[in-house]
Structures are given as C-alpha cells and as structure tokens.
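Please read the structure below before turning to the comments.
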Amino acid sequence: MLTAEHLSYVVVDIQSKIVKEGKSDSFPIYLGDVTRCEILKSVGIERAQALVISIKNEVTIKKVVSLVAANFPHVNIVIRLPDLSNVEVYRDLGASKIIPETSEIGLQLGGAALSLQWY
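Following the UniProt record's numbering, the numbering of the sequence shown begins with 1 at its first residue and continues without gaps.
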C-alpha cells in the first residue's frame with residue numbers, strides 16, 4: 001500500500017529468516033532490535049513521519065512506543081494490539097493510532113499511516 005502511494009519506507013525485524021526472505025523479494029528490510037535507539041536512527045527514524053509497529057509482544061510494543069515518543073516526538077506511531085482493552089495505556093505512552101489485531105491488519109495499518117497525511 002505504501003509503495004503504491006510512492007511513499008518511502010523501511011522495515012526492521014529481529015528475525016534473520018524474515019529479513020532474508022524480505023530482501024530476496026526486494027523489500028527495504030533490515031535486521032535489528034527496534035527497542036534500541038541506535039537501530040532506529042540507523043534506518044532514518046529522525047526523518048520519518050510515521051512508525052508502524054506490528055509486533056505481537058506487548059512489552060516490546062510499550063518499549064518501542066515509549067522510546068519513539070520520548071526521542072522522536074514528531075513521529076506518528078501506529079500500533080497493532082490483540083484487543084483494545086489497554087488503549088489508554090498506549091495512548092498515554094504516545095501511540096497516535098491503535099488498530100485491533102482482528103481487523104484487516106495490512107489494510108488497516110497502511111491506511112492508518114496514510115491517513116496521517118504527512119505528504
């Protein structure tokens with residue numbers, strides 16, 4: 001969806017198998033731990049207008065949202081959650097948009113990122 005809109009993006013994943021598969025399909029994907037500020041900086045978070053977090057581990061989601069909100073407040077943060085019972089916790093941490101996992105994830109995340117209208 002972002003490619004179709006001619007928007008630049010990068011993907012960061014901690015699993016080397018996923019990164020290898022993504023690279024073989026010509027995706028702009030990098031191996032790294034997004035809970036580390038230097039990893040985010042290395043892929044250009046300082047120039048980013050949005051960050052889409054599609055991680056299953058809620059502890060990791062909280063770490064990333066807190067890190068990005070504190071260090072890169074200009075970045076809109078879109079997250080996916082298994083349910084919406086803790087929405088306020090994530091909003092308080094700095095999440096801009098929260099999408100329930102049960103929704104059409106790919107379309108919802110891409111659409112939410114596009115709806116921020118940063119271009």
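For glycine and all other residues, C-beta sits at the position ideal for the given N, C-alpha and C.
Note that the structure is a prediction, hence the values are computed from the model and not measured.
Quick one: residues in its chain with C-beta nearer than 6 Å to the C-beta of residue i, no 5 flanking neighbours on either side, listed in chain order?
| i | result |
| --- | --- |
| Asp13 | Val19 |
Quick check: what's the CA-CA separation for residue i versus residue j?
| i | j | result |
| --- | --- | --- |
| Ser66 | Leu93 | 5 Å |
| Ser96 | Phe27 | 25 Å |
| Gly32 | Phe72 | 18 Å |
| Lys17 | Leu114 | 28 Å |
| Val87 | His6 | 31 Å |
At what residues does the alpha helix (DSSP H) containing residue i begin and finish?
| i | result |
| --- | --- |
| Tyr90 | 87-93 |
Buried or exposed for residue i, please, with buried defined as at least 16 other CB atoms from any protein chain shown within 10 angstroms of its CB.
| i | result |
| --- | --- |
| Arg80 | buried |
| Asn57 | exposed |
| Gly44 | exposed |
| Leu109 | buried |
Can you find the residues in the same chain that come closer than 8 Å, C-beta to C-beta, to residue i, ignoring five residues on each side of it along the sequence?
| i | result |
| --- | --- |
| Lys23 | Ile29 |
Does DSSP classify residue i as helix, strand or coil?
| i | result |
| --- | --- |
| Glu7 | Checking the sequence shown, residue 7 turns out to be Leu, not Glu. Residue state, collapsed to three classes: coil. |
| Asn76 | strand |
| Lys56 | coil |
| Val65 | helix |
| Val43 | coil |
Output needed for residue i: all residues of its chain with C-beta closer than 7 Å, excluding positions within five of it in sequence on either side, in chain order.
| i | result |
| --- | --- |
| Pro100 | Leu81, Asp83, Leu84 |
| Ile61 | Ile53, Ile55, Ile79 |
For the beta strand (DSSP E) holding residue i, just list the boundary residues, first then last.
| i | result |
| --- | --- |
| Leu31 | 29-31 |
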